[in-house]
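**Q**
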Amino acid sequence: MESPRQPGGQRSGDGTPDGQDLSGEEQGTPPPVSESNDPSKRLNTQQRVFLRLLLSIEEAELNRGEAMRLVERVSDFIDADRTPRLDGAESEVYLASAFPYRPPNRPLASVSELRAVDGITPELYRLIAPYLTVWPVEGSKVNILTAPPQLLAALAGDDAFEPLASQEVARIVELRAEGMITDVDTYLSDAL
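See below:
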């Protein structure tokens with residue numbers, strides 16, 4: 018009987034990943050952990066936006082540590098290496114699951130692939146999916162004239178780890194509704 022296909026690869030009938038070297042993982046030897054303990058050194062701009070988005074969705078009820086762990090798990094799921102981040106998860110976590118599979122270690126082809134990331138529950142996926150896209154991989158832009166409040170909160174600034182305060186987001190939404198923000202330049206020059 019053939020094992021079911023899973024996101025990130027398929028299994029051969031004998032239970033080993035097709036054409037992939039386990040690099041010691043089958044012996045239970047996890048690869049070394051990489052990255053600094055300092056979040057400012059280990060998160061890029063996209064990861065910080067995702068962190069702020071997770072924190073801005075109140076229904077998700079995530080604290081910063083939980084959100085950071087999810088950011089690192091998603092990052093490991095899509096990065097090209099097999100070295101887990103501080104709170105990340107690489108192949109050994111997924112191979113130990115009830116239906117073993119490997120992470121794809123490439124950019125997501127669909128937002129729905131997040132459902133296969135360790136720690137992304139069906140409920141959390143339902144909450145975050147409407148705010149996410151996989152295109153474009155680089156140079157993505159958000160239309161601030163139509164963006165929902167949760168997404169506006171996530172756009173706090175490249176170096177920020179916390180989303181915009183709800184009062185700031187409410188002010189942006191108010192200015193937008195009053196026609197005071199009509200383009201990005203107006204938005205960026207407005208002192209909140």
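So for the sequence shown, the numbering used here puts the first residue at 18; every next one is plus one. Where is the CB? At the ideal position from N, CA and C, for every residue including glycine.
(1) Provide the residue span of the alpha helix (DSSP H) that contains S108, from first to last.
(2) Once DSSP output is grouped into helix, strand and coil, what is the label at I74?
(3) Report the rounded CA-to-CA distance for V110 versus P117, giving the unit in angstroms.
(4) Between the alpha carbons of R123 and Q64, how many angstroms are there, rounded?
(5) Between the C-alpha atoms of L162 and L192, what's the straight-line distance to the nearest angstrom?
(6) Does the distance between the C-beta of V151 and the nearest non-hydrogen atom of the ligand NAP fall short of 7 angstroms?
(7) Helix, strand or coil for A84? Go by DSSP, reduced to three states.
(8) Leaving aside the five residues before and after G136 along the sequence, list all residues of the same chain whose C-beta is less than 7 angstroms from its C-beta, in chain order.
(9) From S157 to T150, what distance separates their C-alpha atoms?
(10) Assuming T62 contacts D175 under a Cβ cut-off of 8 angstroms, what Cβ separation, rounded to an integer in Å, is found between them?
(11) A133: which of S183, L172, Y148 and D93 sits nearest, CA to CA?
(12) Who are the near neighbours of P180 in its chain, counting only those whose CB is closer than 7 angstroms to its CB and skipping five residues on each side?
(13) Just tell me which of V190, S114 and A177 has its CA closest to the CA of K58.
**A** Reading off the structure:
(1) S108 to L112
(2) coil
(3) 9 angstroms
(4) 15 angstroms
(5) 10 angstroms
(6) Absence of the ligand NAP from the depicted structure is noted, as is the absence of any ligand whatsoever, leaving it without description.
(7) helix
(8) R86, L87 and R90
(9) 10 angstroms
(10) 5 angstroms
(11) D93
(12) R69, L72, S73, A170, A171 and A173
(13) A177
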